[in-house]
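Everything below concerns the one structure shown next.
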Amino acid sequence: MQPGQMAYDRGITVFSPDGRLFQVEYAREAVKKGATTIGIKFKGGVLLAVDKRVSSKLVEPDSIEKIYNIDDYIGCATSGLVADARILVDQARKEAQIHRVNYGENIGVEMLTKKVCDYEQNFTQYGGARPFGTALLVAGTDDLGIHLFETDPSGALVAYKASCIGSGRAVAMEVFEKSYRDGMPYKEALALALEALSAAIEEDLKPESVEIGVVEEGSKFRRLSDDEKAEAIKGIGKKEAGSADGAEGEDKPKKSPRARKSVKKTEE
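With this note's numbering, letter number 96 in the sequence shown gets 96, and the count goes up by one each step, no holes.
Pasting the structure below:
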């Protein structure tokens, strides 16, 4: 660390001469080291998928929670510091319940996300606190349509068609840039999400190590069962095997009839 940087490093409310808040940047680094978390929109809904990072066979996989229900039609997935994420999830649930009590209706996805981001932003502006070392992917449906938002420790939010946060972001986003298209059916979007997740973590997926949540228009947010996850993972395994067979076939091009005749004459 440069000596000049240290003076601006200690205070969350102090900008460096080049306009940076170092503590916010450090919070983003915590997110970059977090579990790979994916969100993708499809025709009629949106899904979330997370690598649970089961570090030992002694760990109970069900005890690791990375996807949360916020309201009936809204869910979110987190990456970064788990304890920080819990605070934001609880805040989001409070905002959803307050809106329901006051107005007798479900809160809009964008409105909820903005309220959570406003809460996060407060922790970048006042002394005696630190930024949240976590980011969220908020997914849901409302009267305005299907939504997927990504939040940032600074309190910023961006709407995406497909996104990834966490350590595998670069790899997963490359997969999405190449293969994502608008209006994908559910099964195709699920396969693409799992393909991106597998590529990002560089491991074969297992039902117990992956958490998947889905919300579709007119249906409540739900998590996929182990059987549903196993079937989806098996599907991408077959797809990869088919791609490998196709690649092997391309390595050995067939000879044309004319070439075969020439070979036969030479042998004679």
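Note that CB positions come from ideal geometry on N, CA and C, so glycine has one too.
- For the region 76 to 101, there is no continuous alpha helix (DSSP H) assignment of 4+ residues that stays within its boundaries.
- With fewer than 16 other Cβ atoms from the protein chains shown falling within 10 Å of its own Cβ, Gln97 counts as exposed.
- One alpha carbon belongs to Tyr26, the other to Gly166, and they sit about 14 Å apart.
- Of the candidates Glu202, Arg86, Lys41, Arg86 places its Cα closest to the Cα of Thr78.
- DSSP places Phe22 in no beta strand (DSSP E) but in the uninterrupted alpha helix (DSSP H) bounded by 22 to 32.
- Residue range 210 to 216 is occupied by the beta strand (DSSP E) that includes Ile212.
- Excluding its 5 nearest sequence neighbours in each direction, Phe176 has C-beta neighbours in its own chain below 7 Å: Ala162, Ala196, listed in chain order.
- Of the candidates Asp227, Lys220, Glu208, Ala170, Ala170 places its Cα closest to the Cα of Lys33.
- According to the DSSP secondary-structure assignment, Thr141 is paired through a beta bridge with Ile146.
- Taken in chain order, the whole beta strand (DSSP E) runs of length 3 or more contained in the region 181 to 236 are 210 to 216.
- The residue among Gly235, Asp143, Asp152, Lys187 with its C-alpha nearest the C-alpha of Glu217 is Asp143.
- In this structure Lys66 is buried. Its beta-carbon is surrounded by 16 or more other beta-carbon atoms within 10 angstroms.
- Listed as beta-bridge partners of Thr151 by DSSP are Leu157.
- In the displayed model, Tyr126 falls within coil according to three-state DSSP, outside both helix and strand.
- Counting only residues of its own chain and dropping the five nearest sequence neighbours on each side, Thr134 has a CB closer than 6 Å to the CB of Thr78, Gly80, Leu81, Asp84, Ala85.
- Secondary structure at Ser163: strand, using DSSP grouped into helix, strand and coil.
- Pairing Gly104 with Ala200, the inter-Cα distance amounts to about 42 Å.
- Note that the C-beta distance between Tyr160 and Gly45 is not below 8 Å.
- Phe176: member of the alpha helix (DSSP H) spanning 169 to 179, first to last residue.
- Boundaries of the beta strand (DSSP E) around Asn69: 67 to 71.
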